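Residue numbers (the working numbering): 591 to 779.
First comes the structure, then the notes that go with it.
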């Protein structure tokens, strides 16, 4: 289901990202109901609290997400690590691309981002186009308002890369998702 707090398109494939990083993945389901999904997260964090020092958040500008996770971290006496919070978006994307991140758009839901963005890799040319479209249509360049969702296929901490073997574009009205059907891990060249 859609979520106010969490990324959801192709979420079942995050296990490949964890495997690529050689990290354990702790996964739980949530119905995605506003505020109740935070109860679900807190339940999971309580289970593993003794094994962790803090919570890392990838939020860029959403006060809604940041404040709720901060409150939860404080209540569990955990540190909050939010390295991307309030970063300049152009610099953010530039750093990702220069660092070797391979990022795919897996959902769009705003004016200016059409079906052609689904499954597209964000490279320098795509970033130039995104900057132009962001200015023209007024969406957040980091997609922080839910304008789009992305999926990391490769990055410096991955020991292997993720390859999409089969996917399907689902388009309804003015939004859509790029749903993976089959993916695999491949050795880095």
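C-beta: ideal position from N, C-alpha, C; glycine also.
Predicted model, so just to flag it, every value in this text is computed and none were measured.
Just verifying my parser: in three-state terms, what is the DSSP assignment at residue i?
i           : result
residue 708 : coil
residue 685 : helix
residue 619 : coil
residue 751 : strand
residue 638 : helix
residue 726 : helix
residue 713 : coil
residue 624 : coil
residue 629 : helix
residue 591 : In this prediction, residue 591 scores a pLDDT of 47, lower than 50, which makes its location untrustworthy; no coordinate-derived value is stated.
residue 731 : coil
residue 758 : strand
residue 600 : coil
residue 720 : helix
Assuming residue i and residue j are in contact, meaning their beta carbons sit under 8 angstroms apart, how far apart are those beta carbons, in whole angstroms?
i           : j           : result
residue 734 : residue 631 : At roughly 19 angstroms, the Cβ-Cβ gap does not stay under 8 angstroms, so residue 734 and residue 631 are not in contact.
residue 628 : residue 658 : 6 angstroms
residue 771 : residue 757 : 6 angstroms
residue 656 : residue 683 : Not a contact, Cβ separation roughly 20 angstroms.
residue 663 : residue 644 : 7 angstroms
residue 717 : residue 687 : 7 angstroms
residue 625 : residue 680 : In fact, because the Cβ distance is near 33 angstroms, the residues do not count as touching under 8 angstroms.
residue 727 : residue 763 : Between residue 763 and residue 727 the Cβ distance is about 16 angstroms, and since that is not below 8 angstroms, they are no contact.
residue 759 : residue 708 : 5 angstroms
residue 761 : residue 725 : In fact, because the Cβ distance is near 25 angstroms, the residues do not count as touching under 8 angstroms.
residue 647 : residue 614 : Rounded, the Cβ-Cβ distance is 19 angstroms, inconsistent with contact.
Counting along the chain, where does the alpha helix (DSSP H) carrying residue i start and finish?
i           : result
residue 606 : 604-611
Residue range of the beta strand (DSSP E) that residue i falls in?
i           : result
residue 773 : 765-777
residue 645 : 644-646
residue 739 : 738-744
residue 697 : 692-698
Exercise for review: Count the C-beta pairs between the region 655-668 and the region 688-708 that are closer than 8 angstroms, then say yes if the count reaches three, no if not.
Suggested key: no
- What are the uninterrupted segments assigned as alpha helix (DSSP H) that are 4 or more residues long and contained completely in the region 649-684, given in chain order? 653-665
Would you call the region 710-718 and the region 673-692 in contact, with 3 or more CB pairs under 8 angstroms?
yes
Item checked: Segment contact, 8 angstroms Cβ cut-off, at least three pairs: the region 698-706 with the region 760-772 -> yes
With three or more C-beta pairs closer than 8 angstroms as the rule, is the region 722-741 touching the region 646-662?
yes
Count the C-beta pairs between the region 747-755 and the region 603-614 that are closer than 8 angstroms, then say yes if the count reaches three, no if not. yes
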